[in-house]
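J.:
In our numbering, the protein residues as written are 3 to 129.
#1: Output yes or no for whether 8 Å exceeds the beta carbon distance between residue 80 and residue 104.
#2: Enumerate in chain order the residues of its own chain whose CB-to-CB distance from residue 11 is below 7 Å, with the five nearest sequence positions on each side excluded.
#3: Tell me whether residue 51, by its Cβ, gets closer than 7 Å to a heavy atom of the ligand ATP.
#4: Out of 98, 107, 95, which has the shortest C-alpha to C-alpha gap to residue 89?
#5: Classify residue 94: buried if its beta carbon has 16 or more other beta carbons within 10 angstroms, exposed otherwise.
#6: Return the first residue and the last residue of the beta strand (DSSP E) that residue 59 is part of.
#7: Where does residue 56 land, buried or exposed, given buried means 16+ other C-beta within 10 angstroms?
#8: Take the Cβ of residue 24 as the centre, count every other Cβ of all protein chains shown within 10 Å, and call the residue buried at 16 or more, exposed below.
#9: Between residue 18 and residue 120, what straight-line distance do the alpha-carbon atoms span, to the nearest angstrom?
#10: Residues in the same chain with beta-carbon distance under 8 Å from residue 113, minus the five sequence neighbours each way, listed in chain order, please.
#11: Residue 2 bridges to which residues according to DSSP?
Now the structure itself:
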């Protein structure tokens with residue numbers, strides 16, 4: 003009889019160009035029981051997504067330098083990798099539901115850790 007091994011924790015890709023905010027987001031992801039992978043911009047995020055098949059959720063800031071902002075990244079991910087859930091965050095912008103991809107969530111900064119953890123768990127499951 004094969005012993006039951008728990009499934010590995012879900013993987014969340016955190017995309018944030020500001021290091022302190024990225025570290026805070028990573029802490030929330032790990033406090034929720036998930037594994038985090040980090041990217042500083044959309045280009046790095048796409049490279050990671052093309053090389054991995056275990057990303058369950060994209061957690062991205064909207065305003066970032068590079069060839070794409072977080073909203074364009076969210077739409078690209080939704081088109082290329084439809085199963086990946088998406089959380090968009092911004093300190094300056096307010097988005098209407100019609101602007102974000104289906105099955106995505108938008109939150110304004112500052113982020114409340116307990117709300118973000120509960121949202122991630124409702125989107126990709128409890129650990």
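We put the CB at the ideal spot given by N, CA and C, even for glycine.
Since the model is a prediction, treat every value here as computed from it, not as a measurement.
T.: Inspection of the coordinates gives the following:
#1: yes
#2: 35, 36, 37, 129
#3: Absent from the structure shown: the ligand ATP. Ligands present: none.
#4: 107
#5: exposed
#6: 57 to 63
#7: exposed
#8: buried
#9: 20 Å
#10: 26, 27, 30, 91
#11: No answer is possible for residue 2: it lies beyond the span of the chain, which begins at 3 and ends at 129.
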